[in-house]
Amino acid sequence: MFIDSVELTLSSGRGGAGAATFRREKFVTNGGPDGGDGGRGGDVFFKVDRNSHTLSSFRGLKQLKAKNGENGLGAKKHGKKGEDLEVAVPPGTQIIDVESGKVLFDLVDDEQKVLFLEGGLGGLGNWHFRSSTNQQPRYAQKGLAGTSALVRLELKLIADIGLVGFPNVGKSTLISVVSNARPEIANYEFTTLTPKLGVVQVDDFNSFVMADIPGIIEGASDGKGLGLEFLKHIERTKFLLFMLDIINQRSLYEQFGTLKLELERFSKKMTAKKFAVAITKIDALDKNEANSKIASFLDFLGLKRNENLKYGLSDDLHAYLQEGKNGVPFVLPISSAANFNIKALTFALNDILKEVKNEETHSS
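Take our numbering: the final residue in the sequence shown is number 369, and no numbers are missing along the way.
Here it is, written out as structure tokens:
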């Protein structure tokens, strides 16, 4: 089960109480207070675990608590510190304060570990309170209580490339063909109910992570359909691949325009995210009809058919591949079922992803 948002009350441990004891030994005439200090309560940490991909392990949990510190003992023995609580979360998890809505942590890097709540201090034993006027103090401090916080854990998938398209456009089929992911595939809308991640192995030295996001419908940014719940996952991706169905009742530019609008309405950050276009199910039309629709779409985008073919593309169908770094890097007709231009698509995605990562490195 995929769970991308849970609420939990987290609590650090209470400090142990100090001891109020006295030294009593044979042949020792001068005894005195020797109560040890209580141990500190356990802290609460968050740690990123790349082997975890969902928040499903927190399903049904309402509260998690670190251990209390142990009480002090005689002979000035210090109580043991309470065991820390380490909350393991997948990469891409945000920790949000429920009351204020403030994002406390944005945990992205593997093995990243942050302190969230400190345990309560242990109480002082009675030997701290001895004095010339009070040589037999019979009291010790209680340990301080730990702290609690109600937080929401919200997971945003981290992937290099996010697939964006209407339901039943072929996203699941593509990711099943190019990666190790095995999403459910059927000829009806909303087959994909949860995001799926797949690793695409381009060659012996290059690979990237692709995310199959549930289909977006018109009005998704207003809460319609399944898209809104998972639109936030697209924010994490470095690059978007718009997938447009050439046999859909909507034209290619109608599909493209609606998808772009929904993304922009959801987040203005989406307008700056780079993207390319894959025109799917190309094998369902004859060459002339397919080329006519592709040419019309390229005109809509202000692009021209590429004459300098790369990646082993066939010249039977129009395609656009840009040599520069600005604008739309490519528009490719593909068919996952017929394995048409699939290898070319992975090479093109890998090249543009290298450019995006290189730009991020130089800008940071």
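The beta carbon of each residue, even a glycine, is placed where N, CA and C say it ideally should be.
One or two residues paired with residue i in a DSSP bridge
i    : result
I284 : L249, P338
M215 : I166, G203
S153 : S16
S10  : E159
C-beta atoms of residue i and residue j nearer than 7 Å
i    : j    : result
G21  : G44  : yes
Q146 : G18  : no
E91  : K72  : no
I3   : A295 : The shown model of the chain, from 6 to 369, leaves out residue 3, and the question about it has no answer.
L358 : L337 : no
G151 : G128 : no
E159 : Q99  : yes
K278 : L245 : yes
K161 : G106 : no
L322 : F335 : no
F247 : V174 : no
N311 : A300 : no
R55  : D115 : yes
D250 : K286 : yes
L4   : V103 : Limits of the chain in this structure are 6 at one end and 369 at the other, which puts residue 4 out of reach.
G37  : G74  : no
Residue i burial status per 10 Å Cβ neighbour count (16 or more: buried)
i    : result
S153 : exposed
V94  : buried
Y144 : exposed
G130 : buried
D209 : exposed
T366 : exposed
T197 : Because T197 sits at a pLDDT of 42, beneath the cut-off of 50, its placement in the model cannot be relied upon, and the following sentence gives the value as read from the coordinates. The residue in question, T197, is buried, as its Cβ has 16 or more Cβ neighbours within 10 Å.
G230 : The predicted model places G230 with a pLDDT of 41, which falls under 50 and marks its position as unreliable, so this point remains unresolved.
S340 : buried
Q68  : exposed
K176 : buried
V108 : exposed
A191 : With a pLDDT of 38 at A191, under the threshold of 50, the predicted position of this residue should be treated as unreliable, though the coordinate-derived value follows. Under this definition A191 is an exposed residue.
E267 : buried
G84  : buried
Candidates the options: closest to residue i by CA position
i    : options                : result
K274 : A281, D54, A295, K243  : K243
R241 : Q254, L249, N253, I218 : I218
N211 : S62, H58, L354, Q327   : L354
V204 : G167, K82, F305, F247  : G167
F50  : K118, K362, F335       : K118
G79  : L69, D42, K86, K85     : D42
Q141 : R64, K86, V183, R28    : R28
R135 : E30, L126, A25         : A25
V207 : Q68, D356, V361, K362  : D356
F305 : Y258, T276, E75        : Y258
Residue-level contact to chain B via CB, residue i, 7 Å cutoff
i   : result
G47 : The chain labelled as chain B is not found in the depicted structure, where only one protein chain is given.
Any non-hydrogen atom of the ligand FAD closer than 6 Å to residue i Cβ
i    : result
R310 : This structure lacks the ligand FAD, and indeed carries no ligand of any kind.
Which runs of the beta strand (DSSP E) at least 3 residues long sit entirely within the stretch 89-113? Give them in chain order. 90-94, 98-102, 108-112
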